[in-house]
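Asks: Residue numbers (the numbering used here), protein chains in the order written: chain A, 144 to 475; chain B, 1099 to 1348.
To start, I am sharing the structure in question, which I have written as structure tokens.
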Amino acid sequence: MNTNMLSRMRLSNCVALVLIAAFAVAPLVAHGIGQPFYIVLISRIMIFAIAAIGVNLALGYVGMVSLGHALYIGIGAYAVAISLHSGLANGWAHLLIALAAGGVIAVPIGLVCLRTSGFGFVMITLAFSQMFFYLAVGLRQYGGDEGMPLPSRSAFFPLDAANATTFYYMAFFVLMLVLLLLHRLIHARFGMVIRGCKLNEARMRALGFSTLRHKLVAYVISAEICVLAGVLLANLTRFATPSYLEWIMSGDLVVMTVLGGAGTLIGPLVGATVWVVLEELLASFYIDLPWNLSEFIRSNWTAVLGIVIIVVTLTLKKGLYGFLVARDGGVR
Amino acid sequence: MSLLEVKGLVKRFGGLLATDNLDLTIKPGELHAIIGPNGAGKTTLISQLSGTLRPTEGSILLEGRDITRWPVHRRAALGLARSYQITSVFTEFTVIENVMLAVQARSGSSFSFWTNVHSDAALVEPARDILRQVGLLDVADVPVARIAHGGRRQLEIAMSLAMAPRLLLLDEPMAGMSHSESKEMVTLLRRLKGQYGILLVEHDMSAVFALADRITVLVYGKPIACGRPEEIRKDKAVRAAYLGEEEIAA
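Printed below as a string of structure tokens:
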């Protein structure tokens, strides 16, 4: 039984390693096959994965279902956009400003939201992000509801972020950093407390933990990870728009997390990958099928994506990667 | 000074008087049992002591400190450890992780983000000691979901001990246990007796009379008698209100 468990344990770990290795070499392959377009596409996957990892910290490990994390992507994106428009090109400065703004906003919002739980928490996080969405729409000098293009990417001296491959590896580095941070965090003292809160918060209080404080810190970390994703997203698209803060973005991130496996380290990465790849495949679906089915799928790709998600959540209740982890005996 | 002092405790749920002007003291190292028929307000009392319920009137003093209005986690940090009637351990964690979590609650900061808890000697060593005490060391690395009911009740006690408590509040630790599991629990409690103040709520009368230094009998939220086991056995009011003749004989 022991060797059997060991070989199975390798399955989820193998999938994780193969996936990460694929991300590591993807730009080389893309250049090799003469399709550099894929570098941008996969950068987008990684950025969504970073955001979904942030959401997962709150959702999967603390059990806080937030429908408002798009707010923090927006903060990251607008911090970059507004800085660039004010003539500040230094990317490191953008990063600092974005994270500082994220912290200043996440702490009070977290304090208010954490007074509630369950549905109340979902609704109040949604309300806060909608507030900021309309605030962004109202920023007429920064494009209002249409958003605004960035004059350039942030200048991350000495790195050349304008180069697609360099930018790709910057995103890859952030992704790896965030994964490492989370991997350490969930097995450290702090991680035990927040996972305990998810399982039984009343019991945690009876043990003597001030659960609010720990949940708040987890919320702020998860928000800051989304801020990082926002900084990268604005740079990737060279655009900042209120739609980054829309509740649909928050919803997408939750779906990606659940699709891949909430409460697992690699789940959000798997979820984001499947999501973006399916989106691309379905939206440009060109296979000769009868009854003009191909055309139908192309124009209704969101519906098809919805069906995939329904099937996955019904059959693999723990998500694609979560299913593998559960088979391996729940090793995270 | 007494370890716990409860004065004039009253709890009303609407028209229902769940705790009726209750006084109670527990001396250091004393095992004090609370008995009473179902609905006597035993769990309500424990909840007020541990802080999940706010009393309507009265005060609760732990080592002279008024904790009546303290939140649950502050009371726990002061050394008030509660074990639950319905087993309330973390089933997704392993046995030792449960105990380590309780150790962690009492030992320094939990804002450590990098070191794996399993290589944190300040957590692992005390947890292993306690598991040895309660006889669970063999299953230390087994997920709680896979151990039997009796083992989980022992784990409840282990977690309470890990909190370095001054007063243990044990809410029916033998509930749902098999005969042999109950006997083990009695042995364990006998070993703990004297080291900690213990408030024991239990339906198993043979266990209560074997273990308790003093017994308080609660009927409809009101203490009708308090004294040593042999005094309680003889008490007429207790016989009339609660204990069947055959139970006392047992």
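Cβ atoms here follow ideal geometry from the backbone N, Cα and C, with glycine treated the same way.
What you are looking at is a predicted structure, and each value in this text was computed from that prediction instead of being measured.
Scan the region 353 to 364 of chain A for residues whose Cβ lies nearer than 8 Å to a Cβ of chain B and list them as they occur along the chain.
Replies: Answer set for the region 353 to 364 of chain A: Ser353, Thr354, His357 and Val360.
Asks: Looking only at its chain, what residues have a beta carbon closer than 7 Å to the beta carbon of Leu402/A, apart from the 5 residues adjacent to it on each side?
Replies: Position 259 of the first sequence, counted from the start, is the residue given in the question as residue 402/A. Gly414, Val417, Trp418, Ile452, Val455, Gly462 and Leu463, listed in sequence order.
Asks: Just the Cα atoms here: how many angstroms apart are Gly211/A and Glu423/A?
Replies: Here residue 211/A refers to the residue found at position 68 when the first sequence is read from its first residue. Here residue 423/A refers to the residue found at position 280 when the first sequence is read from its first residue. Their Cα atoms are separated by approximately 25 Å.
Asks: Tell whether a beta-carbon distance below 8 Å holds between Asp1311/B and Arg1180/B.
Replies: Here residue 1311/B refers to the residue found at position 213 of the second sequence. Here residue 1180/B refers to the residue found at position 82 of the second sequence. No, they are not a contact pair.
Asks: Going by other Cβ atoms of all chains shown within 10 Å of its Cβ, with 16 needed for buried, is Ile1184/B buried or exposed?
Replies: Taking the first residue of the second sequence as 1, we reach residue 1184/B at position 86. Exposed is the call here.
Asks: Is there contact between the region 1120 to 1130 of chain B and the region 1307 to 1326 of chain B, where contact requires at least three CB pairs shorter than 8 Å?
Replies: In short, these stretches touch, since the Cβ pair count reaches three.
Asks: Would you kindly check if the distance between the Cβ of Glu1190/B and the Cβ of Ala1243/B is under 8 Å?
Replies: Sequence index remark: in the second sequence, residue 1243/B carries index 145 (1-based). Sequence index remark: in the second sequence, residue 1190/B carries index 92 (1-based). Contact: yes.
Asks: Interface residues of chain A around Arg1180/B at Cβ under 8 Å?
Replies: Position 82 of the second sequence, counted from the first residue, corresponds to residue 1180/B. Here the neighbours are Ala349.
Asks: Verify whether the separation of the beta carbon atoms of Val205/A and Ile364/A is less than 8 Å.
Replies: As a position in the first sequence, residue 205/A is number 62, starting the count at 1. As a position in the first sequence, residue 364/A is number 221, starting the count at 1. In this structure, Ile364/A does not lie closer than 8 Å to Val205/A by Cβ.
Asks: Kindly indicate which residue of Glu1195/B, Ser1280/B and Pro1169/B has the alpha-carbon position closest to the one of Leu1151/B.
Replies: Counted from its first residue, the second sequence places residue 1151/B at position 53. For the residues Glu1195/B, Ser1280/B and Pro1169/B, the minimum Cα distance to Leu1151/B belongs to Pro1169/B.
Asks: Please report the residue range of the beta strand (DSSP E) in which Ala1256/B lies.
Replies: Within the second sequence, numbered from 1, the residue matching residue 1256/B stands at position 158. Where Ala1256/B is concerned, there is no enclosing beta strand (DSSP E), although the alpha helix (DSSP H) it sits in stretches over His1247 to Ala1260.
Asks: For His1216/B, does the count of other Cβ atoms within 10 angstroms reach 16, so buried, or fall short, so exposed?
Replies: Against the second sequence, residue 1216/B aligns to sequence position 118. Exposed, by the Cβ-count rule.
Asks: Within 8 Å (strictly less), CB to CB, does Glu1300/B reach chain A?
Replies: Taking the first residue of the second sequence as 1, we reach residue 1300/B at position 202. Not an interface residue.
Asks: Secondary structure at Ser1125/B, three-state DSSP: helix, strand or coil?
Replies: Stepping through the second sequence from its first residue, residue 1125/B is reached at position 27. Reading off the sequence, residue 1125/B comes out as Lys, not Ser. Here Lys1125/B sits in coil by DSSP.
Asks: Measuring from the CB of Ala232/A, is there a heavy atom of the ligand ZN at a distance below 7 Å?
Replies: Only the bare structure without any ligand can be found here, which leaves the ligand ZN out of the picture.
Asks: Taking Cβ positions only, does Gly462/A come closer than 8 Å to chain B?
Replies: Position 319 of the first sequence, counted from the first residue, corresponds to residue 462/A. Answer no: the Cβ-Cβ gap between Gly462/A and chain B never drops below 8 Å.
Asks: Do Asp471/A and Ser155/A have their C-beta atoms within less than 8 Å of each other?
Replies: Here residue 471/A refers to the residue found at position 328 of the first sequence. Here residue 155/A refers to the residue found at position 12 of the first sequence. In contact: Asp471/A and Ser155/A (Cβ atoms closer than 8 Å).
Asks: DSSP three-state call for Glu1155/B: helix, strand or coil?
Replies: If you number the second sequence from 1, residue 1155/B lands on position 57. Strand, per DSSP.
Asks: State yes or no: is the beta carbon of Ala405/A nearer than 8 Å to at least one beta carbon in chain B?
Replies: Taking the first residue of the first sequence as 1, we reach residue 405/A at position 262. Answer no: the Cβ-Cβ gap between Ala405/A and chain B never drops below 8 Å.
Asks: At the level of alpha carbons, what is the spacing between Ile185/A and Pro251/A?
Replies: As a working note, residue 185/A is residue 42 in the first sequence. As a working note, residue 251/A is residue 108 in the first sequence. Rounded to the nearest angstrom, the two C-alpha atoms are 34 Å apart.
Asks: What does Ala1251/B touch in chain A if you count any residue whose Cβ is under 8 Å from its own?
Replies: The count along the second sequence starts at 1 and reaches residue 1251/B at position 153. The question names Ala, but residue 1251/B is Arg in the sequence shown. Near Arg1251/B there are no residues of chain A at all, since even the closest Cβ is about 15 Å away, more than 8 Å.
Asks: Compute the distance between the beta-carbons of Leu1193/B and Leu1221/B, then report whether it is under 8 Å.
Replies: Residue 1193/B sits at position 95 when you count from the first residue of the second sequence. Residue 1221/B sits at position 123 when you count from the first residue of the second sequence. Looking at the sequence itself, residue 1193/B is Val, so the reference to Leu does not match. Cβ distance not < 8 Å, so Val1193/B and Leu1221/B don't count as in contact.
Asks: Considering only residues of the same chain and omitting the five flanking positions on each side of Ile1330/B, which have a CB-CB separation below 7 Å?
Replies: Mapped onto the second sequence, residue 1330/B falls at position 232. Excluding positions up to five away in sequence, the list reads Ile1313, Val1315, Ala1323 and Val1336.
Asks: Look up Tyr1294/B in the DSSP assignment and give the residues it is bridged to.
Replies: Numbered from its first residue, the second sequence carries residue 1294/B at position 196. Bridge partners of Tyr1294/B: Lys1291/B.
Asks: Would DSSP call Glu1044/B helix, strand or coil?
Replies: Any answer about residue 1044/B is impossible in this case: the structure gives chain B only from 1099 up to 1348.
Asks: Which stretch, first to last residue, makes up the beta strand (DSSP E) that contains Phe276/A?
Replies: Counting from one through the first sequence, the residue named residue 276/A turns up at place 133. Taken as a continuous stretch (DSSP letters only), Phe276/A belongs to no beta strand (DSSP E), being part of the alpha helix (DSSP H) at Phe262 to Val280.
Asks: Can you pull the DSSP bridge partners for His1130/B?
Replies: Residue 1130/B sits at position 32 when you count from the first residue of the second sequence. Paired residue(s): Leu1297/B and Arg1312/B.
Asks: Does any C-beta atom of chain B lie closer than 8 Å to the C-beta of Met291/A?
Replies: Against the first sequence, residue 291/A aligns to sequence position 148. With 8 Å as the cut-off, Met291/A does not count as an interface residue toward chain B.
Asks: List, in chain order, every chain B residue whose beta-carbon is nearer than 7 Å to that of His330/A.
Replies: In the first sequence, counting from the first residue as 1, residue 330/A sits at position 187. What His330/A touches in chain B: Asn1214 and Val1215.
Asks: Please go through the same chain and pick out, in chain order, the residues whose beta-carbon is closer than 6 Å to the beta-carbon of Ala305/A, but skip the five residues on each side of it.
Replies: Position 162 of the first sequence holds residue 305/A. Once the five neighbours on either side are set aside, the close Cβ partners of Ala305/A are Arg296.
Asks: Evaluate Asn199/A with the Cβ neighbour count: other Cβ atoms within 10 Å of its Cβ, from every protein chain shown; 16 or more gives buried, anything less gives exposed.
Replies: Residue 199/A sits at position 56 when you count from the first residue of the first sequence. With 16 or more other Cβ atoms within 10 Å, it is buried.
Asks: Counting along the chain, where does the alpha helix (DSSP H) carrying Pro1271/B start and finish?
Replies: By one-based count along the second sequence, residue 1271/B stands at place 173. Neither: Pro1271/B is in no alpha helix (DSSP H) and is coded neither H nor E.
Asks: Specify the secondary structure class of Leu1102/B as computed by DSSP and reduced to three states.
Replies: By 1-based counting over the second sequence, the position of residue 1102/B is 4. The answer is strand: DSSP assigns Leu1102/B an E or B state.
Asks: Tell me which residue opens and which closes the alpha helix (DSSP H) that Gly206/A is part of.
Replies: Reading the first sequence from its first residue, position 63 is the one you call residue 206/A. From DSSP, Gly206/A is part of no alpha helix (DSSP H); its letter is neither H nor E.
Asks: What residues are listed by DSSP as bridge partners for Pro1241/B?
Replies: The count along the second sequence starts at 1 and reaches residue 1241/B at position 143. The partner list for Pro1241/B (beta bridge, DSSP) reads Thr1192/B.
Asks: Would you list the residues sitting across from Met319/A in a DSSP beta bridge?
Replies: Mapped onto the first sequence, residue 319/A falls at position 176. DSSP lists no partner for Met319/A.
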